[in-house]
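Residue numbers (this note's numbering): 105 to 636. Worksheet: the structure to be examined is printed underneath.
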């Protein structure tokens, strides 16, 4: 339902914001351009899908994404992807949609996102395709899984012939439709907001290699290189050695802050800086009957416990005796109880559940924001969004990734991803006061959007009504709050528009100056400015 039932059929060209597009029932891509504040040109056909859409039984809605100011990706809903060179759009004289790539890519999909970039003097377009597919192995769940196919199409030059071909295909799979999925402008990574995690599906060789790595890691975890114990005064280290090793083959070097253990002429078995200083002249080592090397280290500072033996070395395993376990358990006794929440009304409870409203309830599954690296296919960043509900996405700057808006308490905060800033990858750029609370009360809402200049946010219901929420603006006159006796400097406004049509709303887009609302029969243009 989220993927296809709530699909936005109206496509805003973020590069030329006076232009919107839709695909009609005949497979024609229609353009409407704003001429005056509230006047539109007649619908203009800019492209027609060459396939007969009625011949496909399982087809989805056609989808469009504007990769750059001159490149467009288009899906006919049957599983075919078109890469189109459009020229400068919005200008009928220079706009000419020309197919440069056209290929069947399997089962039907919709385009989630696309970007155009140049790398190593090679022009490429990366496209993200969304599919909902049956999962025969999922007998307890919904019976479906979600795939995101990341396709990179590149310009290939062969013997003077320039053409576009698929350069790379990668597939991610998950169990929930992503709220947000976008490719980085450089084509190097991918960001996803979803309730269920996504992971890349790799080929059998890679899977086998991963399994071997996992098995190797498991074996290393099962067989530590050494075991160590400690008291307040000393540390005892036990190392298993091969049967053919004699006392003369072992060399142990002590220093106040370091230890080094070697066998014969092999590389050091153990070497590194100790967690704390030792009395190196009093340290000893012996060989036990079970062919194990036992090293005794005398602490220079008695009392403090060491959290690790050699700094940064994870190959050892600490063994705690029963007396130490009892001592630690006793020290934590005051933090525990034998009963679960014995007196919830005692003193001040952390919150009063009776004051919470339905829209404040935690969701069953908290969403997460993940960033995937395109080369390693690994997750590089993960953020648990918790109760910060995803609301909508918007393109503020078409050269950047789309922004996403999250609910934070009663407000809605807009976040801009910056893929080129690993230490500051998500920037808070705007706040819509009380929008998080207000939108939760709109049970019939269908689409949400905001102006690229953050001047207002808007949402529409399934039928007729559109709500516009303006940001607080300074007043030109004096206004006092009589109850509090203070002067009010700014006022936020809510506007409500009722469309003169009872047809379902199919598309909704916002620019800094106006709103576009598409129904089954009409495109409405609503002028939004500070003078209203």
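A virtual CB, placed ideally from N, CA and C, is assigned to each residue, including glycine. Since we're looking at a predicted model, the values are computed, not measured.
The count of Cβ pairs closer than 8 Å, one atom from the stretch 588-603 and one from the stretch 562-577, reaches three, so the stretches are in contact. Spatial neighbours of residue 280 in its own chain (CB-CB distance under 7 Å, excluding positions within 5 residues in sequence) are listed in chain order as 250, 298, 299 and 300. Along the length of the stretch 339-391, whole beta strand (DSSP E) runs at least 3 residues long occupy 354-358, 362-367, 374-377 and 388-391, reported in chain order.
The straight-line gap separating the alpha-carbon atoms of residue 278 and residue 545 is approximately 30 Å.
By a beta-carbon distance limit of 8 Å, residue 291 contacts residue 230. Their separation comes to about 5 Å. Shown here, residue 520 sits in a strand according to DSSP, grouped into three states. With respect to the 8 Å criterion, residue 555 and residue 614 are classified as neighbours on the basis of their beta carbons.
Around the beta-carbon of residue 117, 16 or more other beta-carbon atoms lie within 10 Å, marking it buried. In summary, residue 284 is buried, with 16 or more beta-carbon neighbours lying within 10 Å of its beta-carbon over all protein chains present. The beta carbon of residue 227 lies closer than 6 Å to those of 259 in the same chain, with the five residues before and after it left out. Of the candidates 425, 176 and 168, the residue whose Cα lies closest to the Cα of residue 202 is 176. The continuous beta strand (DSSP E) containing residue 126 extends over residues 123-127.
CA-CA distance, residue 355 to residue 380, rounds to 22 Å. If you draw a straight line from the Cα of residue 194 to the Cα of residue 120, it comes to about 7 Å. Judged by their CB atoms, residue 365 and residue 371 are not nearer to each other than the 8 Å cut-off. In this structure, residue 187 sits away from residue 270, with a CB-CB distance that is not shorter than 8 Å. Residue 374 is not a Cβ neighbour of residue 349, given a cutoff of 8 Å. With respect to the 8 Å criterion, residue 131 and residue 152 are classified as neighbours on the basis of their beta carbons.
A distance below 7 Å between beta-carbons, with the five flanking residues on each side excluded, links residue 495 to the following residues of its chain, in chain order: 509, 510, 511, 516, 543 and 552. Of the candidates 529, 547, 493 and 498, the residue whose Cα lies closest to the Cα of residue 486 is 529. About 13 Å separates the Cβ atoms of residue 139 and residue 631, ruling out a contact at the 8 Å cut-off.
Here the alpha carbon of residue 474 sits roughly 12 Å from the alpha carbon of residue 304. A direct Cα-Cα distance of roughly 30 Å separates residue 273 from residue 199. DSSP places residue 288 in the coil class of the three-state scheme, outside both helix and strand.
Between residue 168 and the set 507, 113, 248 and 470, the nearest pair of CA atoms involves 113. In the three-state scheme derived from DSSP, where H, G and I count as helix and E and B as strand, residue 527 is classed as helix. Judged by DSSP secondary structure, residue 542 falls within the alpha helix (DSSP H) whose first and last residues are 539-544. Secondary-structure assignment with DSSP links residue 560 through a beta bridge to 574.
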